[in-house]
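Numbers 1 to 128, taken from UniProt numbering, label the letters of the sequence shown in order. Heads up, the thing below is written out as structure tokens.
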Amino acid sequence: MSLWKFGTFEQEIDFTDADFMDALEEAQEQLVIQSKETPKVGKKSDIIRAQVDCFAQFFDHIFGPETSEKMYEGRVSLELAIQSAESFSRFGEQEGRRMDQNYSKYYVNANRNTQQRQGGQKGQHHNR
């Protein structure tokens with residue numbers, strides 16, 4: 001588990017927790033759908049609100065109601081919303097690399113296992 005910080009908001013996150021990953025995957029799917037439905041023309045303020053709402057709902061789905069209020073401190077700023085998404089994405093990538101380094105020795109390596117079953121005789125063909 002690691003601590004993600006954005007502004008004054010802090011949250012412990014465990015990318016190995018299946019329940020957390022369920023919520024994250026659902027939020028990602030909803031974000032894609034909702035972003036396609038945001039207005040592309042009209043008043044700039046309405047477009048910004050709709051775009052910020054996409055990110056707000058994403059974080060609220062993952063971390064609970066009103067999370068986005070805490071993260072954005074009541075502001076409806078597209079810049080803050082994008083920064084939060086980029087920060088969260090970078091954090092996820094860093095955690096992925098960290099987990100790969102820590103857990104790689106436990107991963108099943110199909111190629112290595114095949115070589116072990118063949119007695120380490122890779123590339124040698126025997127006629128039977």
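Built from N, CA and C at the ideal position, the CB exists for glycine as well.
Paired residues, beta bridge with residue i - DSSP
i: S2; result: I13
Spatially closest choice to residue i from the options, by CA coordinates
i: Y103; options: K70, E73 and F15; result: F15
i: S77; options: E95, M21, A27 and I47; result: I47
i: D53; options: F6, W4 and A85; result: A85
i: F6; options: R97, I33, R90 and H61; result: R90
i: E26; options: V41, H61, E73 and E12; result: H61
i: E37; options: A50, D19, Q28 and S45; result: A50
Boundaries (first-last residue) of the alpha helix (DSSP H) holding residue i
i: S35; result: A18 to E37
i: V52; result: K44 to F63
i: G96; result: L78 to Y103
Buried versus exposed call for residue i [16 or more other C-beta atoms within 10 Å across all chains shown]
i: M21; result: exposed
i: S68; result: buried
i: A56; result: buried
i: Y107; result: exposed
i: A81; result: buried
CB contact below 8 Å: residue i versus chain C
i: D19; result: Among the chains of the structure shown, chain C does not appear; only one protein chain is present.
Nearest-angstrom beta carbon gap, residue j and residue i [assumed within contact, 8 Å]
i: residue 132; j: F9; result: This structure gives no information on residue 132, because the portion of the chain shown stretches from 1 to 128.
i: F59; j: W4; result: Actually they do not touch by this definition, with Cβ atoms about 11 Å apart.
i: S2; j: E95; result: 6 Å
Any non-hydrogen atom of the ligand NAP closer than 7 Å to residue i Cβ
i: F6; result: The ligand NAP is absent from the structure shown, which contains no ligands of any kind.
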